[in-house]
Amino acid sequence: MVTDQQPVPRENSLDLDVKYSSDLYKSIRPFLLFGRAIGVLPLGGLNKDNHEALNFRCWSIKSVISILIMLSLLLCLGLSIFCLLTSGSKSVQEFVEAANPVLYYFVGLFGYVYMFRRNDQLRSVLETWKESKVSYNNEDRTLKRDVWLIFGLLFTSAVFENLLQQSIQFTLLDWILDPTMDNFDPLRSYFYNHHYRWSTQFPYHVALSCLFFIWNKLSLYAWNFVDIFVIIVSRALYFQFRAIEKHARENILKVRVDKNHQIEDESELYRKWDTLTTDFETLLSLLNSTRAFLSPLIFTSYAVNLFFVIVHLHMGLDGTTPDRDSTAVEVYETWSFLHLLCRVYVMTLFASRIHDSGNEFLQLFRKCPLDSYSLKVERVERSTISTT
Numbered sequence: 002m003v004t005d006q007q008p009v010p011r012e013n014s015l016d017l018d019v020k021y022s023s024d025l026y027k028s029i030r031p032f033l034l035f036g037r038a039i040g041v042l043p044l045g046g047l048n049k050d051n052h053e054a055l056n057f058r059c060w061s062i063k064s065v066i067s068i069l070i071m072l073s074l075l076l077c078l079g080l081s082i083f084c085l086l087t088s089g090s091k092s093v094q095e096f097v098e099a100a101n102p103v104l105y106y107f108v109g110l111f112g113y114v115y116m117f118r119r120n121d122q123l124r125s126v127l128e129t130w131k132e133s134k135v136s137y138n139n140e141d142r143t144l145k146r147d148v149w150l151i152f153g154l155l156f157t158s159a160v161f162e163n164l165l166q167q168s169i170q171f172t173l174l175d176w177i178l179d180p181t182m183d184n185f186d187p188l189r190s191y192f193y194n195h196h197y198r199w200s201t202q203f204p205y206h207v208a209l210s211c212l213f214f215i216w217n218k219l220s221l222y223a224w225n226f227v228d229i230f231v232i233i234v235s236r237a238l239y240f241q242f243r244a245i246e247k248h249a250r251e252n253i254l255k256v257r258v259d260k261n262h263q264i265e266d267e268s269e270l271y272r273k274w275d276t277l278t279t280d281f282e283t284l285l286s287l288l289n290s291t292r293a294f295l296s297p298l299i300f301t302s303y304a305v306n307l308f309f310v311i312v313h314l315h316m317g318l319d320g321t322t323p324d325r326d327s328t329a330v331e332v333y334e335t336w337s338f339l340h341l342l343c344r345v346y347v348m349t350l351f352a353s354r355i356h357d358s359g360n361e362f363l364q365l366f367r368k369c370p371l372d373s374y375s376l377k378v379e380r381v382e383r384s385t386i387s388t389t
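Heads up, the sequence shown is in the numbering used here, so the first residue is 2 and it goes up one at a time.
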């Protein structure tokens, strides 16, 4: 995965009258289509290349499907909370086992509800990206590739990690090792293994087991969708800061140094710094707009991911977890733990690089010559410190 790519300069990159913009929507549209397929994004117009075609109707088929999924996950969350309150847990291990489904279905439900209620803000963010015009080339030519890499690797890992868990709970691995085993009933095994606390409230039925299986997958997919969405947008934001830093370093500061033996026209130099200031104000506005949408997602994602990381650490160090002698269980727990760590790491990596790039640009900004300094430059400098 490329994480430190350089902006590709265009001709006339120093022409301050030429304006460029970056279209985030076109790069992430395949990922948004996946979100619509699982019901997280009930938006119409995703089959069009233009973000202006995006629309939302509260009672469209897509919205109704999303509402039904949210009601289903709300039921799962309610059942999990009820089982937690009535479990009578006497140890940390028992409490953690009872709390796991609560947070699992909470984060899935949160993803659906947030994207449903804030879809107008998402469309506004996409429009802001398109309408944010700057005087330097900010075309992110590798973003679409990185979207496919991030989405493909993380989601494939999530699917196969969960597939291994389900194989254990369906007793499929036991059946593969011993095809002659008696009373092989995978749906019944799944019902009592994965939802053994719920089974005290409902008698076993094939339909219930299938519904629980589907709801479990929808929560899993929504959780991963939210995390990957935050990672992708953070990656795109990082590039924008990296592009303006490169532009300032190569097209403004370097030109000034190279022409040290010649006195550069002060009015032209002032215009360059003034345009750079305007560009950075545009970028800060884009950052603030995106941050307002992502902040609740980031907070929730970090809280839930860190909880499950701690749970896996506890299970790994405790040594009293049932079925620890099973190789499949040990592989699953290790895989799940590494998958969570990878998601948290990649999310933190790109978010921190936004901050670092902003600070690097600030250091360049402080090299503004006194004859080009203005109150506008000072205002942007203060905004950079408080924002990044």
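Glycine is no exception: its CB is placed at the ideal position from the N, C-alpha and C atoms.
No experiment lies behind these values; they were computed from the predicted model shown.
Locate the alpha helix (DSSP H) running through residue i, then write down its first and last residues.
i: Pro204; result: Per DSSP, Pro204 belongs to no alpha helix (DSSP H) and is neither H nor E.
i: Gly359; result: 328 to 366
i: Lys134; result: Where Lys134 is concerned, there is no enclosing alpha helix (DSSP H), given that its DSSP letter is neither H nor E.
i: Glu95; result: 93 to 118
Helix, strand or coil: how does DSSP classify residue i here?
i: Ser158; result: helix
i: Asp275; result: helix
i: Val310; result: helix
i: Phe171; result: coil
i: Asn139; result: coil
i: Leu270; result: helix
i: Ser190; result: helix
i: Ser23; result: coil
i: Lys289; result: The amino acid occupying residue 289 in the given sequence is Asn; Lys does not appear at that position. Residue state, collapsed to three classes: helix.
i: Ile264; result: Low confidence applies to Ile264: its pLDDT is 49, below 50, so where it sits in the model is not reliable, and the reading given next is rough at best. In the structure shown, Ile264 sits in coil (DSSP, three-state: anything other than H, G, I, E or B).
i: Thr87; result: coil
i: Arg198; result: coil
i: Ala223; result: helix
i: Asn184; result: coil
If you drop the 5 nearest sequence neighbours on each side, which residues of the same chain put their C-beta closer than 6 Å to that of residue i?
i: Ala352; result: Ser235
i: Glu361; result: Glu246
i: Tyr303; result: none
i: Phe240; result: Asp141
i: Val97; result: Val312
i: Thr301; result: Phe111
i: Ala38; result: none
i: Cys77; result: Tyr106, Trp216
i: Val345; result: Asn306
i: Asn48; result: none
i: Val207; result: Leu188
i: Leu350; result: none
i: Gly45; result: Asn56
Please list, in chain order, all residues of the same chain as residue i whose beta carbon is under 7 Å from its beta carbon, the five residues on each side excluded.
i: Ser67; result: Gly40, Pro43, Tyr113, Phe117
i: His340; result: Ser158, Ala159, Glu162
i: Phe214; result: Tyr191
i: Asp259; result: Residue placement at Asp259 is flagged as unreliable, the pLDDT there being 47, under the threshold of 50; a coordinate-derived value is accordingly withheld.
i: Ile299; result: Val231
i: Leu342; result: Val310
Leaving out five residues before and five after residue i in sequence, what residues of the same chain have Cβ atoms less than 8 Å from its Cβ?
i: Arg394; result: Examination of residue 394 is not possible in this model, given that the chain is present from 2 through 389 alone.
i: Ile253; result: Lys273, Trp274, Leu277
i: Asp121; result: Phe57
i: Arg119; result: Phe294
i: Val103; result: Leu78, Ser81, Ile82, Leu85
Within the chosen definition, does the region 231 to 240 reach the region 288 to 298 through at least 3 CB pairs nearer than 8 Å? Output reads yes: the region 288 to 298 touches the region 231 to 240.
Could you tell me which whole alpha helix (DSSP H) segments of length 4 or greater appear in the region 35 to 80? Residue ranges of uninterrupted alpha helix (DSSP H) with 4 or more members are absent from the region 35 to 80; none lies entirely inside it.
Does the contact criterion of 3 or more C-beta pairs under 8 Å hold for the region 104 to 113 versus the region 145 to 155? No, they do not touch.
Is the number of C-beta pairs between the region 118 to 129 and the region 83 to 92 that are closer than 8 Å three or more? No, the region 118 to 129 does not touch the region 83 to 92.
Closer than 8 Å is the cut-off here; do at least three beta carbon pairs connect the region 89 to 109 with the region 222 to 232? Cβ pair count under 8 Å is three or more, so yes.
With a threshold of 8 Å, are at least 3 pairs of Cβ atoms found where one atom belongs to the region 93 to 107 and the other to the region 51 to 60? No, because fewer than three Cβ pairs between the region 93 to 107 and the region 51 to 60 fall closer than 8 Å, the two stretches do not touch.
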